[in-house]
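See below for the structure under consideration.
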Amino acid sequence: MRKLVPTAPIAGNLALKITSESFSATQAGYENEFESATAPSRSLPLRLVTDAQDRSVFLGVISTDIKKQPSDQLDLNFSAKTDLGTETTITFEPKALLESLGKGIRGFEYTGDSIVVTFFDENLAAMGWATGASNDLQPEMTVNCGVETWPLTNSIRLVKHSPEVLGAKFKELHEQFSSWPGSYNQLLLAGSLDYCRSAIGRAKKHGVELPLEVLEALKAFYGSCLSLFDQNQDSRTAFRRLNLQSLQDKFENLQILFAEKGVYPRLEELGVEDAPADQ
Amino acid sequence: MNQLDGFPFIAFDTNCLVYYCFWVNIPEASPQVVVKARQTERARLVVEQLQSKKKKITTFKAAYDELQECVYGAVETRMTDREVEAQLGCPMGIHVSDKIKLHVHQSLEKKVRQLEAKSWFVVDRDFTPAVSDLQRLKEFFDSQEKSALGYSKPPSEIDRGLINFGFVRQFPLITNDKGISNFSQKLREAGLGFKIHNLIELHNNAVRA
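Just so you know, the sequences run in chain order A and B.
What the first sequence shows, in the working numbering, is residues 27 to 305, in sequence order.
What the second sequence shows, in the working numbering, is residues 150 to 358, in sequence order.
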């Protein structure tokens with residue numbers, strides 16, 4: 027039985043081994059676009075893990091309205107377009123899914139309130155699921171695919187290189203941490219995320235394209251902050267006592283990079299014009 | 150400040166140390182604005198007077214280790230003060246951004262930690278309050294009328310540790326917390342505390358002198 031287990035500590039896409047030649051660290055940072063005939067199209071984040079054979083596995087989220095019906099009566103009709111190095115377009119309907127094995131889809135399961143679709147393309151496997159409540163991935167969930175069960179642990183979220191998407195992600199996570207109980211650790215997260223968001227916003231305002239190195243650093247930092255969010259959501263009060271020196275060091279390095287690239291001043295160099303909170 | 154004569158060491162509440170250091174430039178190198186705590190000027194005057202009399206300021210390790218939390222509390226209180234919001238150009242209803250608050254916190258914490266290098270500041274790493282003393286102090290404060298605390302919360306374990314530190318070492322303690330300084334006489338009578346002075350009262354006495 028093939029087990030899906032990360033082979034290396036996942037602390038951002040930079041820590042992963044991508045063995046497929048059609049991929050690079052740059053290409054790994056993108057979002058799938060899922061279009062639904064019944065719902066507006068949207069871009070959804072992917073997660074990337076490596077399996078026991080060191081293959082890159084993308085975990086994508088399919089968003090749709092889940093109705094609690096037997097699988098052959100699911101009201102789903104959507105297409106998935108993925109850009110995996112080679113152009114791959116997959117269109118499927120519920121009943122057609124089981125007939126689509128020849129088109130690269132390997133499995134489909136409807137568990138009552140979630141749907142799992144597995145499809146492969148050369149060396150890559152992708153799975154998607156959603157619950158009726160939200161689009162959030164649930165790392166502890168066990169995914170059933172055909173005869174195999176793949177426990178999902180230690181996954182990361184990748185975001186697209188697009189600064190607009192990144193900016194929105196930072197804004198969202200900043201708002202999340204802003205609602206946590208106050209402490210230095212909470213301020214470190216809220217302040218650093220606010221800083222990153224402002225840096226992205228300033229670049230956009232002045233029509234400056236952020237260098238790839240800066241985007242990669244932002245993505246990595248976001249990944250670190252998101253991991254902390256995920257790990258401590260249920261213990262927000264205890265979060266104040268964690269040692270976050272590692273994150274503080276990362277933030278320091280981020281500021282140095284921003285200053286060197288002329289993207290944004292270091293925190294201590296920000297002026298009064300940066301004082302009012304963004305609305 | 151004659152009441153402190155004859156004592157070479159003066160214990161300081163960590164918050165008073167934070168107020169002494171709360172002088173943050175925005176931006177750091179070429180300041181457009183300087184953010185201070187309301188108590189900063191008073192704390193500085195008192196410390197300068199003590200320095201002029203060759204006294205050393207001290208605290209014990211556990212209290213000093215709470216520094217980051219004290220800094221956070223002071224920063225959060227000050228940076229949400231409408232006076233500072235206006236000083237930093239925030240329109241009514243708009244708060245200071247988290248990134249600026251973070252800068253203020255980090256700058257202030259760094260300054261307080263740099264005190265350790267000063268010859269007039271000593272962290273007593275050998276003192277640990279006895280559990281029984283802390284318990285007796287807790288029982289003392291639990292037995293007091295809540296109204297006597299005023300707006301202050303009941304003293305925390307660290308606060309009680311500071312009271313005990315001053316008592317065991319026979320150092321006067323300076324605090325801005327009236328929930329402690331109001332009980333100076335009673336604590337002495339109960340054999341639980343030594344001289345305890347309020348920062349603002351000490352400052353006012355020094356100014357009048």
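Cβ atoms here follow ideal geometry from the backbone N, Cα and C, with glycine treated the same way.
This structure is a prediction, so every number in the text was calculated from the model and none was measured.
For A178/B, the secondary structure class from DSSP, reduced to helix, strand or coil, is coil. Under the three-state reduction of DSSP, A246/A is assigned to helix. Against chain B, the CB of Y248/A has no partner CB under 8 Å away; the residue lies outside that interface. For the options K195/A, L199/A, S261/A, the alpha carbon positioned closest to that of P207/A is the one of S261/A. Contact with chain B is absent for Y290/A, since none of that chain's Cβ atoms lies less than 8 Å from the residue's Cβ. Taken atom to atom, the span from the alpha-carbon of E198/A to that of G340/B is near 55 Å.
With contacts defined as CB atoms closer than 8 Å, L348/B and R191/B qualify as a contacting pair. Selection R266/A, G217/A, A285/A evaluated against Q255/B yields G217/A as nearest (Cα-Cα). Residues are counted here when their Cβ sits less than 8 Å from a Cβ of chain A; for the region 320-337 of chain B the count is zero. Rounded to whole angstroms, L283/B and A285/A show a C-alpha spacing of 50 Å. Pairing V245/B with L257/B gives a Cβ-Cβ distance that is not under 8 Å. Spanning the alpha carbons of A297/B and F289/B requires a straight line of approximately 13 Å. DSSP places T163/B in the uninterrupted alpha helix (DSSP H) bounded by 163-170.
In the same chain as V183/B, and ignoring 5 residues on each side of it, the C-beta atoms closer than 8 Å to its own belong to W172, V173, N174, I175, in chain order. For S305/B, no Cβ of chain A is located within less than 8 Å of the residue's own Cβ. In the DSSP annotation of this structure, the continuous segment of the alpha helix (DSSP H) that includes H200/A starts and ends at 189-204.
In the DSSP assignment, V271/B falls within the beta strand (DSSP E) that extends over 270-273.
Residue burial is scored here from C-beta neighbours: N269/A has fewer than 16 other C-beta atoms within 10 angstroms and is therefore classed as exposed. If you draw a straight line from the Cα of L166/B to the Cα of K259/B, it comes to about 12 Å. The C-beta separation of G328/B from P321/B comes to about 18 Å, leaving the pair out of contact by the 8 Å criterion.
Closer than 9 Å at the C-beta level to chain A, one finds these residues of the region 244-258 of chain B: H244, V245, S246, D247, K248, I249, K250, L251, H252, H254, Q255, S256, E258. Under the Cβ criterion (8 Å, minimum of three pairs), the region 195-214 of chain B counts as touching the region 302-315 of chain B. Listed by position along chain A, the residues whose Cβ is nearer than 8 Å to that of E215/B form an empty set, because the closest Cβ is around 11 Å away.
Under a 10 Å Cβ-count criterion, V240/A is classified as buried, with 16 or more other Cβ atoms of the shown protein chains found around its own Cβ. Beta-bridge partners assigned by DSSP to P302/A: V245/B.
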